[in-house]
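**Q**
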Amino acid sequence: MANLQALSAAFFVLLVPHACMAMAIHSSTLLQDKCELYGAGDRPSYDYCLRTLRADRASATDDERGLAAIAARIARATAVVTGAKIARLQGGETVPARRDGVAACAAEYAAAVRRLGRAARDPALGGVSEPREAQTLLAEVTGAPERCQVAFEAAGGQGSPLDAADRELDVVVGLASDILPTRPTASTTA
Numbered sequence: 182m183a184n185l186q187a188l189s190a191a192f193f194v195l196l197v198p199h200a201c202m203a204m205a206i207h208s209s210t211l212l213q214d215k216c217e218l219y220g221a222g223d224r225p226s227y228d229y230c231l232r233t234l235r236a237d238r239a240s241a242t243d244d245e246r247g248l249a250a251i252a253a254r255i256a257r258a259t260a261v262v263t264g265a266k267i268a269r270l271q272g273g274e275t276v277p278a279r280r281d282g283v284a285a286c287a288a289e290y291a292a293a294v295r296r297l298g299r300a301a302r303d304p305a306l307g308g309v310s311e312p313r314e315a316q317t318l319l320a321e322v323t324g325a326p327e328r329c330q331v332a333f334e335a336a337g338g339q340g341s342p343l344d345a346a347d348r349e350l351d352v353v354v355g356l357a358s359d360i361l362p363t364r365p366t367a368s369t370t371a
């Protein structure tokens, strides 16, 4: 009996690390596969995808929805930083037409932050219940930089001082959209 217990304990000690490692390898492969699809043969896009998603340690073990949620959280953080920059611009803008452009951008980015927050939430916690809803929210955010640019141009013919930040938001939202599964997963159909 003691030998059977010792053998069971040894089997458990040997099996658990291998099972965990197999899960990590599978998830790492999923991350690489998703980034290969996102990059579509473009090495800088593939590298961007890996670098961006690996910034969150959970990417090593997450499924496709988890990876998309990571990208949505990163996009939200990008929108929050840009929103703070917009707030600083609002405080210093003296030309009424430009103030209107900055205000339009502030509203656009505030909506983006809310939508990205909803898109990134775990459905088990009351967030997005279907990938289609998350995809809709991400689509609503896409183009926010362009709408901000148009608001600045309408306000005085000058381009947006937020160009770099604007482009980053669209890129990371595109990453989240591309990674998000288009079919319901087992957790959403149950």
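Take the sequence shown: its position 6, counting from 1, is numbered 187 in our numbering, and each next residue is one higher. Even glycine gets a Cβ: it sits at the ideal position worked out from N, Cα and C. Note that the structure is predicted; figures quoted are calculated from it, not measured.
From GLY247 to GLN213, what does the alpha carbon distance come to, in whole angstroms?
**A** Approximately 14 Å, taken between the alpha carbons.
**Q** Could you tell me the alpha carbon to alpha carbon distance between ARG238 and ARG254, rounded to whole angstroms?
**A** One C-alpha to the other measures close to 13 Å.
**Q** May I ask you to report which of helix, strand or coil DSSP gives PRO326?
**A** Helix.
**Q** Which same chain residues, not among the five before or five after GLU274, have their C-beta less than 8 Å away from its C-beta?
**A** ARG280, VAL283.
**Q** Out of ALA336, ASP244, ARG296, point me to the one whose CA is closest to THR259's CA.
**A** If we check each option's Cα against that of THR259, ARG296 comes out closest.
**Q** Can you give me the C-alpha to C-alpha distance between ARG232 and TYR219, rounded to a whole angstrom?
**A** Taking the straight line from one Cα to the other gives about 13 Å.
**Q** Quick one: Cα of ASP359 to Cα of ALA221, how far?
**A** C-alpha separation (whole angstroms): 11 Å.
**Q** Does DSSP put ARG235 in a helix, a strand or coil?
**A** Residue state, collapsed to three classes: helix.
**Q** Sorted by chain position, which residues of the same chain lie with C-beta nearer than 7 Å to GLN339's C-beta, five sequence neighbours on each side aside?
**A** Here the set comprises PHE333.
**Q** Is SER226 helix, strand or coil when you go by DSSP?
**A** Helix at SER226.
**Q** Grouping DSSP H, G and I as helix and E and B as strand, with all else coil, what is GLU289?
**A** Three-state DSSP puts GLU289 in a helix.
**Q** Excluding five sequence neighbours on each side, which residues of the same chain lie with their C-beta closer than 6 Å to the C-beta of GLU349?
**A** The residues are THR259.
**Q** Going by beta carbon distance, what residues of the same chain come within less than 6 Å of LEU378, once the five residues before and after it are set aside?
**A** What is shown of the chain runs 182 to 371, which leaves residue 378 out entirely.
**Q** Could you give the C-beta distance for VAL276 and GLY337, rounded to a whole number, given that I count them as a contact under 8 Å?
**A** Their Cβ separation, rounded to whole angstroms, is 7 Å, which keeps VAL276 and GLY337 in contact under 8 Å.
**Q** What does the alpha-carbon distance come out to for the pair GLU289 and THR242?
**A** About 33 Å.
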